[in-house]
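Colleague: Below is the structure I would like to discuss, written out as structure tokens.
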Amino acid sequence: MLRILTAISLGLAFTAAALAQEAPAKGELRQAPAVLARYADVPVTLRSPFFAQARARSYDPGREAAGFTTQAEMEAFIAALGNAANLGIGSLGRSLEGRNIPYLLFTAEGARSLEEAARNQPADRPVVWLIGQHHGNEPAGGEAMLALAKDLAAGGELAELTRALTIVIVPRSNPDGAAAFTRDTAAKADPNRDHLLLTLPETRALQTAVATLPPDLVIDAHEFTVGGRWLAKFEALHATDFVYMRATHPLVPARATALADQLFLPAIEAAAASAGLTAYVYQTSPNARPEDKTVATGGNAAGIARNAFGLMGAVSILLETRGVGIGTQGFQRRVATHYLAAIGALRAAAADPARLRRAVAEGRQEAARSHADLVVAHRVPVVQGFVPLVDPVTAAPRPTAVPFIDARHIEPTVVRPRPAGYWLADGEATAPVREALARRGIRSCILMAPATVSGAEAFTVTARRQVDPRAINPEGGVSTKAERDAAPVTLPAGSRYVPVEQPLVGLVVASLDPDAAGGFVSAGLFPGEVGARLPLLRLPAGAGAIDCPAKPG
């Protein structure tokens, strides 16, 4: 029975069109001298490939990496760090075009692989993942990760952080996009939207590795558009050095959200402010209509990397610097911003590692044990806000009042009871679903004998429409009608059961529930034309006893 309550949420109230990420315009916006002076270099030494040539590079979209650090330069730089006692170097896998996706692992013990680090991980030591260049045309974050890796490997004060933290750096998670200097992968898909469905080799590789050594804290380093719609709609440029956003999917454990708001975001802002850098909450202009001045935060969709890591129970933070569309202008400042922000987060974690480790562990346990209802629909109210802008000629500040859609605050509209779990038929039809679940370390089990359950809900396809995988909040896609079986149902041996009572409950529900926007059902991972019944059942609490072992399977 559906009820109006405040609880955990599956549904997404934003429309896909209303929160589509702005695609960068072709070419480079040349900023006025006054604007360039406002965003001058900051006094931070950056030891990374780009700066090794005394800034002799220029922006050229016609060549590999558009004049930024190439794949070969990055790999040579990483290899040169290999003798550090606290460093292990490995590969997450290969991109669609065959490029290596390297990682750098920093531990006090000098573990040489993620598997070794996971086996020997001290109970009180947090795991931090730092990820750069999800989008290939956003190079500052990846460059900052290389500069940070150099300093972590070199000994000294920063290297001391590895005594309190296990740190994994992925400087370039989309190497094909970086080589072509495009937002997407070689598959013409946005990898930042694929962290639930895992349809791309790059996201599959990253999430498989993350499941091997699960994070307590994730920093995802991006860049945002400086001109674009800000210039078209407001005749101004975005002013802030960087914007931030924590995970906002309502199934993210409350403890992780609180720690992001109370500890890590203030620490990141303070670290950047020490160099005179400014910060504000993440904002985007949702559409190209010049008359619509509405501004929105990032969306709540589970497939966005920021939210997917949060659904694992980690403190998950997106950081974006002022960089898309301006080539190498202000690049030292942009890289320094990411570098300082990452150090601020690492120092906050290292100052009290037990606090982070405990909060994340307890948040996962509470999520697993919770019996709270699930919100199947919610809305995000429009409030009065402002966007920090600067005049494109004089660089004078022009803060502008705007209608603001803030995904951090939702209003639940419809909820229903939390299920016990989900049943999947065996066979080819559910193979992609089972593979995606296994890569995430989600616990499931194969029924060794038939099991009889009561009250199971089956789902019939009522519509199948195209889904835009690049949308911040995918909608449309496959629609279903739920039907509760009046008689008991016997689940055959060899089929699979996925219980909700587990630490990754958020990922389970976001993936498998037919009501979940952007989930496996609505995105079309399950086959079935209109009128067909899906090979999926939702089992209510008290449906019947199903024995499922504790380990993923």
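Count the sequence shown with mature numbering (1 follows the signal peptide of the UniProt record, and there is no 0) and you get residues -20 to -1, 1 to 533, in order. All residues carry an ideal CB built from backbone N, CA and C; glycine is no exception.
Keeping to the same chain, check which residues put their C-beta closer than 6 Å to that of E44; ignore five residues upstream and five downstream.
Modeller: Working through the sequence shown from its first residue, we reach residue 44 at position 64. If we look at E44 and ignore the five residues flanking it on each side, its Cβ neighbours are T50 and A159.
Colleague: Among L217, A276 and A294, which has the Cα closest to the Cα of Q364?
Modeller: Here residue 364 refers to the residue found at position 384 of the sequence shown. The option with the nearest alpha carbon to Q364 is A276.
Colleague: Which residues bound the beta strand (DSSP E) around E391?
Modeller: Translated into the one-based positions of the sequence shown, residue 391 becomes position 411. Counting along the chain, the beta strand (DSSP E) containing E391 begins and ends at E391 to R396.
Colleague: Use the C-beta contact count for D332: other C-beta atoms within 10 angstroms, 16 or more gives buried, fewer gives exposed.
Modeller: Along the sequence shown, one-based indexing puts residue 332 at 352. By the neighbour-count rule (16 or more Cβ atoms within 10 Å), D332 is not buried but exposed.
Colleague: Around the C-beta of D353, are 16 or more other C-beta atoms found within 10 angstroms, so that it is buried, or is it exposed?
Modeller: Taking the first residue of the sequence shown as position 1, residue 353 is located at position 373. Buried.
Colleague: What's the call for N63, buried or exposed, on a 16-neighbour Cβ count within 10 Å?
Modeller: On the sequence shown, position 83 is the one that residue 63 refers to. Looking at its Cβ environment, which holds fewer than 16 other Cβ atoms inside 10 Å, N63 is exposed.
Colleague: Starting from Q364, trace the beta strand (DSSP E) both ways and give me its first and last residue.
Modeller: As a working note, residue 364 is residue 384 in the sequence shown. Looking at the DSSP string, the run of the beta strand (DSSP E) that includes Q364 is V362 to V367.
Colleague: At which residues does the beta strand (DSSP E) containing F439 begin and terminate?
Modeller: Locating residue 439 in the sequence shown gives position 459, counting from the first residue. From DSSP, the beta strand (DSSP E) with F439 extends over E437 to R444.
Colleague: Using 8 Å as the threshold, is the stretch 227 to 237 in touch with the stretch 341 to 350, meaning 3 or more CB pairs across them?
Modeller: Yes, they touch.
Colleague: Considering only C-alpha positions, which residue in the set R338, P383 and S296 is nearest to K273?
Modeller: Counting from one through the sequence shown, the residue named residue 273 turns up at place 293. Considering only alpha carbons, the answer is P383.
Colleague: Using CA atoms only, rank isn't needed, just tell me which of A32, L176 and T146 is closest to G486.
Modeller: Translated into positions along the sequence shown, residue 486 becomes position 506. Answer by Cα proximity: L176.
Colleague: Could you tell me how far apart the beta carbons of S71 and I81 are, in whole angstroms, since I believe they sit closer than 8 Å?
Modeller: Locating residue 71 in the sequence shown gives position 91, counting from the first residue. Locating residue 81 in the sequence shown gives position 101, counting from the first residue. Confirmed, Cβ separation roughly 6 Å.
Colleague: In the DSSP assignment, the alpha helix (DSSP H) including R476 goes from what residue to what residue?
Modeller: On the sequence shown, residue 476 is found 496 positions in, with the first residue counted as 1. Premise fails: R476 lies in the beta strand (DSSP E), R476 to P479, not in any alpha helix (DSSP H).
Colleague: Hey, N154 and H115 are a contact pair by Cβ (cut 8 Å); roughly how many whole angstroms apart?
Modeller: For this step, residue 154 is matched to residue 174 along the sequence shown. For this step, residue 115 is matched to residue 135 along the sequence shown. N154 to H115, Cβ: 7 Å. Contact.
Colleague: Using a Cβ-Cβ cutoff of less than 6 Å, which residues in the same chain neighbour V315 once the five nearest sequence positions on both sides are dropped?
Modeller: One-based indexing of the sequence shown puts residue 315 at position 335. Cβ neighbours of V315 beyond the five flanking positions: L26, A120, E123 and A124.
Colleague: Quick one: Cα of E437 to Cα of R445, how far?
Modeller: Along the sequence shown, read from residue 1 onward, the residue named residue 437 stands at position 457. Along the sequence shown, read from residue 1 onward, the residue named residue 445 stands at position 465. Going by the C-alpha atoms only, they are around 23 Å apart.
Colleague: Less than 8 Å between the C-beta atoms of V22 and R313, yes or no?
Modeller: Sequence index remark: in the sequence shown, residue 22 carries index 42 (1-based). Sequence index remark: in the sequence shown, residue 313 carries index 333 (1-based). In this structure, R313 lies closer than 8 Å to V22 by Cβ.
Colleague: Rounded to whole angstroms, what is the Cα-Cα separation between Y224 and L257?
Modeller: One-based indexing of the sequence shown puts residue 224 at position 244. One-based indexing of the sequence shown puts residue 257 at position 277. Spanning the two alpha carbons is a distance of roughly 13 Å.
Colleague: Alpha carbon to alpha carbon, what distance is there between G42 and T162?
Modeller: On the sequence shown, residue 162 is found 182 positions in, with the first residue counted as 1. On the sequence shown, residue 42 is found 62 positions in, with the first residue counted as 1. Taking the straight line from one Cα to the other gives about 12 Å.
Colleague: State the Cα-Cα distance for the pair I147 and A466, rounded to the nearest angstrom.
Modeller: What you label residue 147 is simply residue 167 of the sequence shown in a count that begins at 1. What you label residue 466 is simply residue 486 of the sequence shown in a count that begins at 1. For I147 and A466, the distance between alpha carbons rounds to 52 Å.
Colleague: Can you give me the start and stop residues for the beta strand (DSSP E) that I200 sits inside?
Modeller: Numbered from 1 along the sequence shown, position 220 holds the residue referred to as residue 200. According to the sequence as given, residue 200 is Asp; it is not Ile. D200 -> beta strand (DSSP E) spans L197 to T205.
Colleague: Using 8 Å as the Cβ pair cut-off and three pairs as the minimum, do the stretch 195 to 214 and the stretch 103 to 118 touch?
Modeller: They touch, by the three-pair rule.
Colleague: Taking only runs that begin and end inside the stretch 180 to 266, name each unbroken beta strand (DSSP E) of 3 or more residues, in chain order.
Modeller: Entirely contained in the stretch 180 to 266, the beta strand (DSSP E) runs reaching 3 residues are, in chain order, 197 to 205, 222 to 226 and 259 to 261.
Colleague: The beta strand (DSSP E) spanning A381 covers which residue range?
Modeller: Counting from one through the sequence shown, the residue named residue 381 turns up at place 401. That run of the beta strand (DSSP E) goes T380 to I385.
Colleague: Tell me which residues share the same chain as V366 and place their Cβ nearer than 7 Å to its Cβ, disregarding the 5 neighbours each side in the sequence.
Modeller: Your numbering for residue 366 matches position 386 in the sequence shown. Rather than Val, the amino acid found at residue 366 in this sequence is Phe. P379, T380, A381 and V382, listed in sequence order.
Colleague: Excluding the five sequence neighbours on either side, which residues of its own chain have a C-beta within less than 6 Å of the C-beta of L(-16), listed in chain order?
Modeller: Counted from its first residue, the sequence shown places residue -16 at position 5. Low local confidence applies: a pLDDT of 34 at L(-16) is under 50, so the model's placement there is unreliable, and no value is given.
Colleague: Which partner residues of P377 appear in the DSSP bridge assignment?
Modeller: One-based indexing of the sequence shown puts residue 377 at position 397. V370, per the DSSP bridge assignment.
Colleague: Alpha carbon to alpha carbon, how far is F(-7) from D495?
Modeller: What you label residue -7 is simply residue 14 of the sequence shown in a count that begins at 1. What you label residue 495 is simply residue 515 of the sequence shown in a count that begins at 1. Because F(-7) sits at a pLDDT of 42, beneath the cut-off of 50, its placement in the model cannot be relied upon, and the point is left open.
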